[in-house]
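For the sequence shown, our numbering gives the first residue as 59, with consecutive numbering after it.
All C-beta atoms, glycine included, are put in the ideal place defined by N, C-alpha and C.
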Amino acid sequence: MAEQDEFRLDGKVALVTGGARGLGAECARVLAAAGAKVMVTDILEEAGAATVAGITETGGTAEFRRHDVTDEAAWATTVTQTIDTLGGFDILVNNAGVEVVGTLEDSTYEDFRRVQNVNVDGVYLGCRQAVQAMKPGGVAGRGGSIVNLSSLAGLVGVPHMSVYGASKGAVRVFTKDVAVECGRFGYGIRCNSVHPGLVETEMAESLYQQSHELTGASLEEVKATFTAAHPLGRLGTPRDIANAVRFLASEASSWITGVELSVDGGWAAS
Ligand SMILES: NC(=O)c1ccc[n+]([C@@H]2O[C@H](COP(=O)([O-])OP(=O)(O)OC[C@H]3O[C@@H](n4cnc5c(N)ncnc54)[C@H](O)[C@@H]3O)[C@@H](O)[C@H]2O)c1
59 MAEQDEFRLD GKVALVTGGA RGLGAECARV LAAAGAKVMV TDILEEAGAA
109 TVAGITETGG TAEFRRHDVT DEAAWATTVT QTIDTLGGFD ILVNNAGVEV
159 VGTLEDSTYE DFRRVQNVNV DGVYLGCRQA VQAMKPGGVA GRGGSIVNLS
209 SLAGLVGVPH MSVYGASKGA VRVFTKDVAV ECGRFGYGIR CNSVHPGLVE
259 TEMAESLYQQ SHELTGASLE EVKATFTAAH PLGRLGTPRD IANAVRFLAS
309 EASSWITGVE LSVDGGWAAS
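Here is the structure:
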């Protein structure tokens, strides 16, 4: 008899925010390939539809809904649509995020509030909606796994990243609060955070450009410096992150909650 593969996600329904591109799109593809039905949400409609088309073309099941994670009322609608369309709600990947690069002294409060709004308020709203829906007696009601995308910058200090780091640090401890509360209440809901090092996405491209403008170093030098910060000697790939998310989403991690999982080529350990 075949051994049960606890890394598979057959029968599960996942919602991935910010799934139009970058890490979110790869998470959606990897979760779908593992057997989950995936609701991809984002504010980028064309790119979100393209992510979904790529999944369905390879035999997976996915849908796209436009959803700004800072829109409180739309969270309830998105979760209801997910359950109606895909038949449940078992996995939430709070991936949508924005970044601001620059010194603390030159930062604006407006930027700070904007980053908090997406990176912290968005994660708070998502977790609250998921817990209400996934807990016993909730509209989905079969427990679940929540994975929040924090960052290396939510664990250690990084120059030019204070505004972003403040938001990702908040996600780190908030994740543990959700994990412990849901555990103690017997909800069958786990909550963990993933902390990527630098991964080659559009966010990383923007980081190179802004670091180049701030320091005067060439783009090649900027990239070499970031690469060297990772003891494994390379930048991350979206797949590196999506594989960790898949593990935390699956039953293979059923005794793991409240964990901060660094996926950073060893940067945080150095
Ligand atoms: N790329 C990295 O090196 C890196 C490192 C550490 C952490 N992260 C985190 O991983 C996550 C994904 O990063 P990425 O590199 O793929 O970034 P990205 O900029 O390539 O993609 C982010 C996605 O989030 C969406 N988004 C932004 N604001 C939104 C909102 N209000 N509502 C809904 N969607 C919104 C964007 O439209 C985009 O599709 C982010 O939370 C980011 O902070 C990335």
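Cβ-Cβ distance between residue i and residue j below 9 angstroms
i: residue 173; j: residue 158; result: yes
i: residue 109; j: residue 123; result: no
i: residue 229; j: residue 321; result: no
i: residue 260; j: residue 293; result: no
i: residue 128; j: residue 88; result: no
i: residue 156; j: residue 240; result: no
i: residue 210; j: residue 286; result: no
i: residue 216; j: residue 160; result: no
i: residue 310; j: residue 151; result: no
i: residue 256; j: residue 267; result: no
i: residue 106; j: residue 78; result: yes
i: residue 84; j: residue 300; result: yes
Sheet register partners of residue i (DSSP bridge)
i: residue 297; result: Its beta-bridge partners do not exist; DSSP assigns none.
i: residue 113; result: DSSP, once it has assigned bridges, lists no residue as partnering residue 113.
i: residue 250; result: 205
i: residue 122; result: 98
i: residue 72; result: 96 and 149
i: residue 319; result: 252
i: residue 257; result: 294
Separation of residue j from residue i, as counted between CA atoms
i: residue 114; j: residue 125; result: 20 angstroms
i: residue 182; j: residue 218; result: 25 angstroms
i: residue 202; j: residue 147; result: 8 angstroms
i: residue 198; j: residue 187; result: 11 angstroms
i: residue 263; j: residue 270; result: 11 angstroms
i: residue 180; j: residue 243; result: 23 angstroms
i: residue 275; j: residue 291; result: 20 angstroms
Neighbour-count burial assignment, residue i, 16 or more Cβ in a 10 Å radius
i: residue 121; result: buried
i: residue 313; result: exposed
i: residue 238; result: exposed
i: residue 167; result: exposed
i: residue 145; result: exposed
i: residue 289; result: exposed
* Taking contact to mean at least 3 C-beta pairs separated by less than 8 angstroms, is the segment 247-267 in contact with the segment 187-203? -> yes
* Asked: Using 8 angstroms as the threshold, is the segment 69-84 in touch with the segment 95-105, meaning 3 or more CB pairs across them?
  -> Note that the segment 69-84 touches the segment 95-105; at least 3 beta-carbon pairs, one per stretch, sit closer than 8 angstroms.
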